Amino acid sequence: MGRREEGEVEGTVRRVRESCVTGGGSGIGRAICQVLARDGADVVVADLNLQSANDTVSMLPGPGSHLALALDVRDKTSVDSVLATIINKYQQPPSLLANNAGISSQGAPHIHMTEEFFMNIVNTNLKGMFLVSQAVCKSLLDHGSPVCGAVVNMGSINSKTGLVNHCHYTASKAGIVALTKSSAAELAKQGIRVNCVLPGAIKTPLNANASPGYLEPQIAATPLGRMGEPEEVAEVVAFLLSEKSSYMVGSCVEVTGGFCM
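Next up, the structure:
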């Protein structure tokens, strides 16, 4: 399918806009890239694994309009370098940010978890999300008005439910909810909407390597009785990035198949 001209309305992204998807090399991030490109956005696929980012770009319609970049969200220098490259290519910062990069790990009891184990997750999932959103939003505001931006942060339903032996992961995701609400309150009047998505059990490479017994209870407690597909989360993210969600600010939308209603 060819890319639409600016102003043509179809799907959720109603005009050609620059977008950036962190963690776009696989899973939910790759699905977000595909939905945004389908709906007419130029997509920067940023991922720690550059080959995975390039693989995603090759799957998108009009691949010449998109860009794959290596990004370590934990490193401010890496974040700033990626943003400078985006501005150089598109002459402006991305107005749409899917702040999706995140990791998990094997679990450990709270009383035995090492500081290094805990902070490795927090530095990627929470600090990384802060660094990327701060850099993109500041750049949007520095580039002058009118500003019309949207950020979607990727949380987790486990930020609300907790998860045995995964306090490092759930704490990082609960921090994302707080970061979303605080930054949304600050930025809304400046033209940038910030929202959050809280997925449940989704078929991703991250969950494919989950600890034994991690997913089974959650699936059993999900009324739909199955795991979600990455595309089912991606469609919600695209909606929150679009003008169709123009009155949504600081919202945390659950995409869980009914788990934890």
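The opening residue of the sequence shown carries number 1 in the UniProt record's numbering; numbering runs sequentially from there.
Where a beta carbon is used, it is the ideal one built from N, C-alpha and C, also for glycine.
As the structure is a computational prediction, the values presented were derived from the model and not from experiment.
With 16 or more neighbouring CB atoms inside 10 Å of its own CB, Tyr-169 falls in the buried class.
If the five residues before and after Gly-250 are omitted, its C-beta is found closer than 6 angstroms to the C-beta atoms of Lys-181, Ala-184, all from its own chain and listed in chain order. When secondary structure is reduced to three states using DSSP, Met-227 falls in the coil class, being assigned neither helix nor strand. Residues Leu-131, Val-132, Ala-135 of the same chain have their beta carbon placed closer than 6 angstroms to that of Val-79, with the five preceding and five following residues left out of the count. Assignment of Thr-170 by DSSP, reduced to helix, strand and coil, places it in the helix class. When only Cα atoms are considered, His-110 and Leu-60 end up about 42 angstroms apart. Asn-153 is bridged by DSSP to Asn-99, Cys-196. Approximately 6 angstroms separates the beta-carbon atoms of Cys-252 and Gly-155; this is inside 8 angstroms, confirming the contact.
Listed in chain order, the non-local C-beta contacts of Ala-108 below 7 angstroms within the same chain comprise Phe-117, Asn-165, local neighbours out to five positions each way being set aside. Where Thr-22 is concerned, the enclosing beta strand (DSSP E) starts and stops at 18-22. Measuring C-alpha to C-alpha distances from Glu-229 to each of Ala-178, Met-113, Ala-208, Asn-54 identifies Ala-208 as the nearest. Within the DSSP bridge table, the entry for Ala-46 names Thr-22, Leu-69 as partners.
In the DSSP annotation of this structure, the continuous segment of the alpha helix (DSSP H) that includes Val-79 starts and ends at 76-90. Cys-33: member of the alpha helix (DSSP H) spanning 27-38, first to last residue.
Where Cys-137 is concerned, there is no enclosing beta strand (DSSP E), although the alpha helix (DSSP H) around it starts and stops at 128-142. Nearest in C-alpha terms to Cys-137, of all of Met-261, Phe-259, Cys-20, is Cys-20. Non-local C-beta neighbours of Ala-98 in its own chain, meaning closer than 6 angstroms and more than five positions away in sequence, comprise Val-21, Ile-32, Val-152, Val-237, ordered along the chain.
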